[in-house]
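Trainee: Residues 1 to 941 in UniProt numbering are what the sequence shown lists, from first letter to last.
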Amino acid sequence: MCPTAKMYLILFFCISEDKKFLKWIEKQDKWEEVSIMDEKNVPIRTYQVCNVLEPNQNNWLRTDWIPRSGAQRVYVEVKFTLRDCNSLPGVTGTCKETFNLYYHESNEDRESYIKESSFIKVDTVAADESFTQVDVGDRIMKLNTEVRDVKVTTRKGFYLAFQDVGACIALVSVRVFYKTCPLTIRNLATFPDTVTGADTSSLVEVRGSCVNQSEEREEPKMYCGADGEWLVPIGGCLCNPGYQEKSGTCKACSVGFYKAKSSDPGCSKCPPHSHSVRDGATVCDCHSGFFRADSDPPSMACTQPPSAPQQLISVVNETSVVLEWAPPRRLGGRSDTSYSLECLICQTGNYPRPGSGSGSHLCLPCGSDVLFSPGQTGLKTTRVVVSELRAHTHYTFIVHAHNGVSQASGAGAAQSVSVTLTTNQAAPSPVSFIQATDVTRHSLSLAWQQPDRPNGVILEYEVKFYEKDQRERSYRIMRTFSRSVDVTGLNPLTVYVFHVRARTAAGYGEFSAPFEFSTNSDPFPLIGEGVNSAFLLLSISGVGILLLISAAVFIISRRRSKYSKTKQDSEEEKHLNPGVKIYVDPFTYEDPDQAIHEFAKEIDVSSIHIERVIGMGEFGEVCSGRLRVQGKREIYVAIKSLKAGYSDKQRRDFLSEASIMGQFDHPNIIRLEGVVTRCKPLMIITEYMENGSLDAFLRKHDGQFTVIQLVGMLRGIASGMKYLSDMSYVHRDLAARNILVNSNLVCKVSDFGLSRVLEDDPEAAYTTRIPIRWTAPEAIAYRKFTTASDVWSYGIVMWEVVSYGERPYWDMNNQDVIKAMEEGYRLPAPMDCPVVLHQLMLDCWERERAERPTFSQILNMLDKLIRNPGTLRRTGGDRPTATMLESGVGSEVCVSVVPQVCMPEWSMCVWLQSIGLERYRDTLAAAGYTSLDSLLALTHQ
Numbered sequence: 001m002c003p004t005a006k007m008y009l010i011l012f013f014c015i016s017e018d019k020k021f022l023k024w025i026e027k028q029d030k031w032e033e034v035s036i037m038d039e040k041n042v043p044i045r046t047y048q049v050c051n052v053l054e055p056n057q058n059n060w061l062r063t064d065w066i067p068r069s070g071a072q073r074v075y076v077e078v079k080f081t082l083r084d085c086n087s088l089p090g091v092t093g094t095c096k097e098t099f100n101l102y103y104h105e106s107n108e109d110r111e112s113y114i115k116e117s118s119f120i121k122v123d124t125v126a127a128d129e130s131f132t133q134v135d136v137g138d139r140i141m142k143l144n145t146e147v148r149d150v151k152v153t154t155r156k157g158f159y160l161a162f163q164d165v166g167a168c169i170a171l172v173s174v175r176v177f178y179k180t181c182p183l184t185i186r187n188l189a190t191f192p193d194t195v196t197g198a199d200t201s202s203l204v205e206v207r208g209s210c211v212n213q214s215e216e217r218e219e220p221k222m223y224c225g226a227d228g229e230w231l232v233p234i235g236g237c238l239c240n241p242g243y244q245e246k247s248g249t250c251k252a253c254s255v256g257f258y259k260a261k262s263s264d265p266g267c268s269k270c271p272p273h274s275h276s277v278r279d280g281a282t283v284c285d286c287h288s289g290f291f292r293a294d295s296d297p298p299s300m301a302c303t304q305p306p307s308a309p310q311q312l313i314s315v316v317n318e319t320s321v322v323l324e325w326a327p328p329r330r331l332g333g334r335s336d337t338s339y340s341l342e343c344l345i346c347q348t349g350n351y352p353r354p355g356s357g358s359g360s361h362l363c364l365p366c367g368s369d370v371l372f373s374p375g376q377t378g379l380k381t382t383r384v385v386v387s388e389l390r391a392h393t394h395y396t397f398i399v400h401a402h403n404g405v406s407q408a409s410g411a412g413a414a415q416s417v418s419v420t421l422t423t424n425q426a427a428p429s430p431v432s433f434i435q436a437t438d439v440t441r442h443s444l445s446l447a448w449q450q451p452d453r454p455n456g457v458i459l460e461y462e463v464k465f466y467e468k469d470q471r472e473r474s475y476r477i478m479r480t481f482s483r484s485v486d487v488t489g490l491n492p493l494t495v496y497v498f499h500v501r502a503r504t505a506a507g508y509g510e511f512s513a514p515f516e517f518s519t520n521s522d523p524f525p526l527i528g529e530g531v532n533s534a535f536l537l538l539s540i541s542g543v544g545i546l547l548l549i550s551a552a553v554f555i556i557s558r559r560r561s562k563y564s565k566t567k568q569d570s571e572e573e574k575h576l577n578p579g580v581k582i583y584v585d586p587f588t589y590e591d592p593d594q595a596i597h598e599f600a601k602e603i604d605v606s607s608i609h610i611e612r613v614i615g616m617g618e619f620g621e622v623c624s625g626r627l628r629v630q631g632k633r634e635i636y637v638a639i640k641s642l643k644a645g646y647s648d649k650q651r652r653d654f655l656s657e658a659s660i661m662g663q664f665d666h667p668n669i670i671r672l673e674g675v676v677t678r679c680k681p682l683m684i685i686t687e688y689m690e691n692g693s694l695d696a697f698l699r700k701h702d703g704q705f706t707v708i709q710l711v712g713m714l715r716g717i718a719s720g721m722k723y724l725s726d727m728s729y730v731h732r733d734l735a736a737r738n739i740l741v742n743s744n745l746v747c748k749v750s751d752f753g754l755s756r757v758l759e760d761d762p763e764a765a766y767t768t769r770i771p772i773r774w775t776a777p778e779a780i781a782y783r784k785f786t787t788a789s790d791v792w793s794y795g796i797v798m799w800e801v802v803s804y805g806e807r808p809y810w811d812m813n814n815q816d817v818i819k820a821m822e823e824g825y826r827l828p829a830p831m832d833c834p835v836v837l838h839q840l841m842l843d844c845w846e847r848e849r850a851e852r853p854t855f856s857q858i859l860n861m862l863d864k865l866i867r868n869p870g871t872l873r874r875t876g877g878d879r880p881t882a883t884m885l886e887s888g889v890g891s892e893v894c895v896s897v898v899p900q901v902c903m904p905e906w907s908m909c910v911w912l913q914s915i916g917l918e919r920y921r922d923t924l925a926a927a928g929y930t931s932l933d934s935l936l937a938l939t940h941q
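#1: Suppose the cutoff is 6 Å on Cβ atoms and the five residues either side in sequence are ignored; what does the same chain contact list for P830 look like?
#2: Between the region 459–469 and the region 496–507, do three or more beta carbon pairs fall short of 8 Å?
#3: Are the beta-carbon atoms of C623 and I614 separated by less than 8 Å?
#4: Can you name the start and end residues of the beta strand (DSSP E) that Q310 belongs to?
#5: Mapping the DSSP letters down to three states, classify M689 as helix, strand or coil.
#6: Grab me the residues of V91's own chain with a C-beta within less than 7 Å of its C-beta, minus the 5 sequence neighbours each way, in chain order.
#7: When you compare each of D843, C267, S106 and K246 to R826 by their alpha carbons, which one comes out closest?
#8: Based on Cα-Cα distance, which residue from V487, T196 and V419 lies nearest to T440?
#9: With distances taken between CB atoms, is the gap from A696 to I796 smaller than 8 Å?
#10: With a threshold of 16 other CB atoms inside 10 Å of the CB of P309, please say whether the residue is buried or exposed.
#11: The alpha helix (DSSP H) with Y794 in it runs from where to where?
#12: Between the C-alpha atoms of S482 and T437, what's the straight-line distance to the nearest angstrom?
#13: Which residues bound the alpha helix (DSSP H) around residue 988?
#14: Using the beta-carbon count (16 or more within 10 Å), is G579 buried or exposed?
#15: So, is M616 buried or exposed, given that buried needs 16 or more other C-beta atoms within 10 angstroms?
#16: For the putative contact between F855 and A718, defined by C-beta atoms under 8 Å, what is the C-beta separation to the nearest angstrom?
#17: Should Y113 go down as buried or exposed, given a rule of 16 or more other Cβ atoms within 10 Å for buried?
#18: Closer than 7 Å to a non-hydrogen atom of the ligand MN - does that hold for the CB of V386?
#19: On the DSSP letters alone, give me the boundaries of the beta strand (DSSP E) that Q435 sits inside.
#20: Measure the C-alpha to C-alpha separation of R186 and P298 and round it to an integer number of angstroms.
#21: Of all the options D264, I818, V749 and W810, which has the alpha carbon lying nearest to the alpha carbon of D790?
#22: May I ask you to verify whether the region 117–124 touches the region 87–103, counting CB pairs closer than 8 Å and requiring at least 3?
#23: Which residue comes first and which comes last in the beta strand (DSSP E) that contains S641?
#24: Give me the Cα-Cα distance between P592 and Q815, rounded to the nearest whole angstrom.
#25: For the beta strand (DSSP E) containing V147, name the first residue and the last one.
#26: Can you look up G674 in the DSSP assignment and give me helix, strand or coil?
#27: Which residue marks the beginning of the beta strand (DSSP E) containing Q244, and which one marks its end?
#28: With DSSP as the reference, label S373 as helix, strand or coil.
#29: Determine the direct distance from the alpha carbon of K380 to that of C366, and round the result to whole angstroms.
#30: Excluding the 5 residues flanking F654 on each side, which residues of the same chain have their C-beta closer than 6 Å to its C-beta?
#31: From the DSSP output, read off the bridge partner residues of residue 988.
#32: Whole angstroms is fine: what's the gap from A293's alpha carbon to S338's?
#33: Taking the beta carbon of E611 as the centre, do at least 16 other beta carbons fall within 10 Å, making it buried, or is it exposed?
#34: Compute the Euclidean distance between the alpha carbons of V277 and S69, then round it to the nearest angstrom.
#35: Where does A127 fall in DSSP's three states?
#36: Taking the straight line between their C-alpha atoms, what separation do you get for P667 and R921?
Below is the structure:
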């Protein structure tokens, strides 16, 4: 047996053993059973043949049937002697010095006679050592040993045969065996005895099984080689928790040791303040009074809760308290100490003293209005400021110390320290609401509620007010003992800002938030019956002429004025633009089907061929496909479908967007082709925009367009928005993601769904549904959506386009964006942004709505830039006070939309048109007023 392999014997015979192993097949007188003496002079039996004088010898000797015993390759070891032909006189040409080895496979031992042709030759065997007659006389045994291997895999057993072809040979022994890889243990996995493969180069894969008290780390495998050796160990096992490897087995950890995980290298000694009382422990139990948190690893020492905080100090400042303390003297062996505060409000004279429970039943937890800075629980600091307390009130504050094992130990009061105190008198809180009544031309009455927290007896109220345009540069003060006051001496048709604050014995509180109220413009208490119509007409005419004079003086004296006030409502829009189509809200229809059939065309579903899904919308899949309407050419379209299981509200909302789009007809507004409502699923068919949303398109092609191309995109968006504003439609969600781009780089406004969201959800302005980064401040704070708020959003779109789709305000959260806007922060110019474009953005982001440009002005500005591309070359640096272009004829052309920067000369006619008083043109001309300068001499009469 070899060190790494076992050889299992199938057959071994010596000639002296039982003759049943060998049978003669032919010429039985040729092979003879003969006794000879070996080199130790011991007689042995052999089979011999030596017919060398006769030519063409064919003498066979065959074994009995040999069972294969599962072997795939057997080895035949033959020991024999052979006579040198040269030592035999007179046998030239007939003597041989070799013999042949054959085998024949069979399923059972029933073949008494086997044809020679049925045997398969293994090899021709030659002797390394031959003997002569002299050698025999000298008793020199020259024994040869030869081994041959045979592949036997198709039958249950086989026969061996030896063919003599004319040699003088003696067979001493034949041994037949096969090889196995022996049972072994590798990496804590047992591999059984395994028979080698059929081929000399084959490897037999064997899967091992983990030893007792172990588990697989990775499937254990080895390969059995043809020579009976194990090769290539893969994977293995690990001892279970509580056990470690010793001499190829898993032994239990002894008392005082543990092993928590199978991946641990071995048993470890129990950490401090813990022990194990049995073999095979996976964790050590903590000593009495010591604990381990759920998140603590088993290797961590057991610890204790902290002692109480020390040296609690309180400083009262009116209705605020500063609490400070020192860390506990004993931290319990941990570093995760934290603190929490408990606040109790107690009745006078019945509050608990520190360390005593007396009167605790008269104390209740403080309300949620009490503020703790930096917090009330999970504190790492030893200082807390408590504010918004009641004045002249008894409070008890309890400071608790915690660590990771406080909850496990059940420790409570022993880890806390408390202090009892009384707050001082404090100023009242601000007034929260002011209401105006009895408004006239020169007076109004104000009323308000008492502050939520008066903090004592209110001695008086102070009212501060000023004209809104003065911005608190000049204000007046009134004082009153009641919660109302009559304010007189005001200017007519003027917006005033009012603040109110209360005073107690502790002093004044803070002023309230600003409240704005406007005085009346009508000098008469009633306009109706009893008023002379001629006098009324004369008064109105006088006011109109007075306004005309004031406007003329204002424009001529201040060429650098801001924009005229943005139109506020659709009625004024209709008056200034007679004949313009006005948008109709589909939600005013009781039946949504009536609106959809009025504004959208029904399409036969058979005309639509859907090709592929391109995205998911709010209501279902969005696909691309083709639309072929009879009499028209086939076009590519986008198809929005309403998913199954929709509610009535979802159906109405889905169709309302089509009802909105169906009212628009402009090259820069997404075109509605029609709807499918008479079968399911419901569909909205629009034109197909090959390049998708503008923000994604710009990010994909970063830096690949000229400035003129970018301005062209902005011009298209502005044109579409001017069309919408002329129709009195407010988009509310203008952003680059809602602009679609076709193959010709034409930008079209889309997505008209946010107005529905805001109308359906009264709180939507304060939820994440509002796109804060694109929304004007007044729309965020007061839900005031107008065309001017769309202009703000357009400025953000400009910034997105010039920055190639960068996220506005980058990674700032919504609250930080709102705060930054309130403090006057505006987005800086993107890289390589022309000065005039960034100035236009800043104009769109004016805080006051009336000071922002209209879409008509923006469109005119962009047209000038496109016609005069030289102005787009200036980037960065300080903005000039005036930006001019040289036109083709050498005259100066204003390229800024801000009238403050440059003001063109207006004729009388143009100026009257701009303020809506064109009807007075002939009257003024007849009176000799033909220029703006001449208007300065116009009197009230």
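Where is the CB? At the ideal position from N, CA and C, for every residue including glycine. Treat the numbers as computed from the prediction; the structure is a model and nothing was measured.
Mentor: Considering the structure as presented:
#1: Against the sequence shown, residue 830 aligns to sequence position 830. Shown here for P830: same chain residues with a beta carbon closer than 6 Å to its own, the five before and five after excluded, namely V802 and S803 in chain order.
#2: The region 459–469, when compared against the region 496–507, does touch it at the 8 Å Cβ threshold.
#3: Working through the sequence shown from its first residue, we reach residue 623 at position 623. Working through the sequence shown from its first residue, we reach residue 614 at position 614. Closer than 8 Å, so yes.
#4: Locating residue 310 in the sequence shown gives position 310, counting from the first residue. Here the beta strand (DSSP E) through Q310 covers Q310 to N317.
#5: Taking the sequence shown and counting its residues from 1, one reaches residue 689 at position 689. In this structure, M689 counts as coil in the three-state DSSP scheme.
#6: For the purposes of this step, residue 91 is taken as the residue at position 91 of the sequence shown. Excluding sequence positions up to five before and after V91, its CB lies within less than 7 Å of the CB of V52, L53 and C85, all in the same chain and listed in chain order.
#7: If you number the sequence shown from 1, residue 826 lands on position 826. It is D843 whose Cα lies nearest to the Cα of R826.
#8: As a first step, residue 440 must be located in the sequence shown, where it is residue number 440. Comparing Cα positions, the closest option is V487.
#9: On the sequence shown, position 696 is the one that residue 696 refers to. On the sequence shown, position 796 is the one that residue 796 refers to. If you check the CB distance, A696 and I796 do not come in under 8 Å.
#10: The residue given as residue 309 occupies position 309 in the sequence shown. Buried, since its Cβ has 16 or more Cβ neighbours within 10 Å.
#11: Counting from 1 along the sequence shown, the entry for residue 794 is found at position 794. Here the alpha helix (DSSP H) through Y794 covers T787 to V802.
#12: On the sequence shown, position 482 is the one that residue 482 refers to. On the sequence shown, position 437 is the one that residue 437 refers to. For S482 and T437, the distance between alpha carbons rounds to 16 Å.
#13: Here the chain covers residues 1 to 941 and nothing more, so residue 988 does not appear.
#14: Indexing the sequence shown from 1 puts residue 579 at position 579. The predicted model places G579 with a pLDDT of 47, which falls under 50 and marks its position as unreliable; any figure quoted below should be read in that light. Burial state of G579 is exposed, judged by a 10 Å Cβ sphere holding fewer than 16 other Cβ atoms.
#15: Here residue 616 corresponds to residue number 616 of the sequence shown, with the count starting at 1. By the neighbour-count definition (other C-beta atoms within 10 Å, threshold 16), M616 is an exposed residue.
#16: To locate residue 855, count along the sequence shown from 1; it is residue 855. To locate residue 718, count along the sequence shown from 1; it is residue 718. With 8 Å as the limit, F855 and A718 qualify as a contact, their Cβ atoms being about 6 Å apart.
#17: Against the sequence shown, residue 113 aligns to sequence position 113. Here Y113 is exposed, its C-beta having fewer than 16 other C-beta atoms within 10 Å.
#18: Annotation note on the ligand MN: not contained in the displayed structure, which lists no ligands.
#19: Numbered from 1 along the sequence shown, position 435 holds the residue referred to as residue 435. Its beta strand (DSSP E) spans residues I434 to T437.
#20: As a working mapping, residue 186 is identified with position 186 in the sequence shown. As a working mapping, residue 298 is identified with position 298 in the sequence shown. Between the alpha carbons of R186 and P298 lies a distance of about 30 Å.
#21: On the sequence shown, position 790 is the one that residue 790 refers to. The candidate whose alpha carbon is nearest that of D790 is V749.
#22: When Cβ pairs closer than 8 Å are counted between the two stretches, the region 117–124 is seen to touch the region 87–103, the count reaching three or more.
#23: Within the sequence shown, the letter at position 641 stands for residue 641. I635 to S641 is the span of the beta strand (DSSP E), which, as asked, contains S641.
#24: Here residue 592 corresponds to residue number 592 of the sequence shown, with the count starting at 1. Here residue 815 corresponds to residue number 815 of the sequence shown, with the count starting at 1. Looking at the two C-alpha atoms, the distance is approximately 38 Å.
#25: Your numbering for residue 147 matches position 147 in the sequence shown. Taken as a continuous stretch (DSSP letters only), the beta strand (DSSP E) holding V147 covers N144 to K151.
#26: On the sequence shown, position 674 is the one that residue 674 refers to. Residue state for G674 is assigned as strand, using DSSP reduced to three classes.
#27: For the purposes of this step, residue 244 is identified with residue 244 of the sequence shown, where counting begins at 1. Element bounds for Q244: Y243 to K246.
#28: Along the sequence shown, one-based indexing puts residue 373 at 373. In this structure, S373 counts as strand in the three-state DSSP scheme.
#29: Your numbering for residue 366 matches position 366 in the sequence shown. Your numbering for residue 380 matches position 380 in the sequence shown. Each residue's Cα considered, the two are about 22 Å apart.
#30: Looking up residue 654 in the sequence shown gives position 654. Taken in chain order, the residues that qualify are F619 and L642.
#31: Residue 988 falls outside the range modelled here, since the chain spans only 1 to 941, and no answer is possible.
#32: Against the sequence shown, residue 293 aligns to sequence position 293. Against the sequence shown, residue 338 aligns to sequence position 338. Spanning the two alpha carbons is a distance of roughly 15 Å.
#33: To locate residue 611, count along the sequence shown from 1; it is residue 611. With fewer than 16 Cβ atoms within 10 Å of its Cβ, E611 is classed as exposed.
#34: The residue you call residue 277 lines up with position 277 of the sequence shown. The residue you call residue 69 lines up with position 69 of the sequence shown. Taking C-alpha positions only, V277 is separated from S69 by approximately 53 Å.
#35: Reading the sequence shown from its first residue, position 127 is the one you call residue 127. Taken through DSSP and simplified to helix, strand or coil, A127 comes out as coil.
#36: As a first step, residue 667 must be located in the sequence shown, where it is residue number 667. As a first step, residue 921 must be located in the sequence shown, where it is residue number 921. Going by the C-alpha atoms only, they are around 36 Å apart.
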